[in-house]
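A short worksheet on the structure shown next.
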Amino acid sequence: MTSPTGTLETRDMVFPAHANHHGTLFAGQGLERMARAAFLAARDAAGCDVVMAAVTGVQFCAPVPVGRALALRAWVSRVGRSSLTVCVHGLAQAPGCPDELALQGVFEMVAVNAHGRPTAIAHTYLNTPPHPFRQETP
0 MTSPTGTLET
10 RDMVFPAHAN
20 HHGTLFAGQG
30 LERMARAAFL
40 AARDAAGCDV
50 VMAAVTGVQF
60 CAPVPVGRAL
70 ALRAWVSRVG
80 RSSLTVCVHG
90 LAQAPGCPDE
100 LALQGVFEMV
110 AVNAHGRPTA
120 IAHTYLNTPP
130 HPFRQETP
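So the sequence shown is numbered by numbering that gives the first Met the number 0: it starts at 0 and just counts up by one.
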């Protein structure tokens, strides 16, 4: 689901096919899901195709066991002439359990034209939610 331009929220289950030998989300699967969310948020914000230029600061903060949902929020935190910075946070969710920050990362995306060359982004804005995945305190 895409909300304000440049912000994307999605949720998916962790199934055994996505797990490592410990029964938790395989890091490669987590990175793939974050990259996909970053791509979609950047493409929506840029209004054109984008490619990934860099991944920085990826952290796997907590394991996500099979059977839990992984909720991702991706948002554009910076827009340059042809590049965008996208932050992604992922929460592990299960009924009756508090949400837990499981993974996070920062992705540098570049807007490209039909020939795959960098192209200027037609509009710029800054969209940084103050508290991604606001958690209620008891």
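From the three backbone atoms N, C-alpha and C, an ideal C-beta is built for every residue, glycine too.
Residues that residue i bridges to, as DSSP identifies them
i     : result
Leu83 : Val78, Met108
Asp48 : DSSP lists no partner for Asp48.
Arg10 : Ala70
Helix, strand or coil at residue i [DSSP, three-state]
i      : result
Arg32  : helix
Arg42  : helix
His88  : strand
Gly27  : helix
Pro97  : coil
Trp119 : According to the sequence provided, residue 119 is Ala. The question's Trp does not apply to it. Correct three-state label for Ala119: coil.
Pro62  : coil
Ala16  : helix
Ala113 : coil
Residue i versus the options, residue with shortest Cα-Cα distance
i      : options                     : result
Ala37  : Pro117, Arg67, Ala91, Glu8  : Glu8
Ala34  : Cys86, Ala119, Gly79, Gly5  : Cys86
His88  : Ala101, Ser82, Gly79        : Ala101
Gln103 : Gly95, Leu90, Pro97         : Leu90
Pro64  : Gln28, Val75, Asp43         : Gln28
Val13  : Asn112, Thr6, Arg67         : Arg67
Arg32  : Asn112, Ala113, Val105      : Val105
Ala41  : Ala93, Thr84, Ala113, Glu99 : Thr84
C-alpha distance - residue i paired with residue j, whole-angstrom precision
i      : j      : result
Met108 : Ala121 : 15 Å
Asp11  : Arg116 : 33 Å
Val78  : Ala44  : 9 Å
Ser76  : Met51  : 15 Å
Pro97  : Ala70  : 13 Å
Arg80  : Ala119 : 5 Å
Cys47  : Ala53  : 18 Å
Ser56  : Gly95  : The sequence given here places Gly at residue 56; Ser does not occur at that position. Gly56 and Gly95: Cα-Cα distance of roughly 30 Å.
Burial state of residue i, where buried means 16 or more other Cβ atoms lie within 10 Å
i      : result
Arg72  : buried
Ala110 : buried
Arg5   : Per the sequence presented here, residue 5 reads as Gly, with Arg not at that position. Its Cβ being crowded by 16 or more others within 10 Å, Gly5 is buried.
Pro62  : buried
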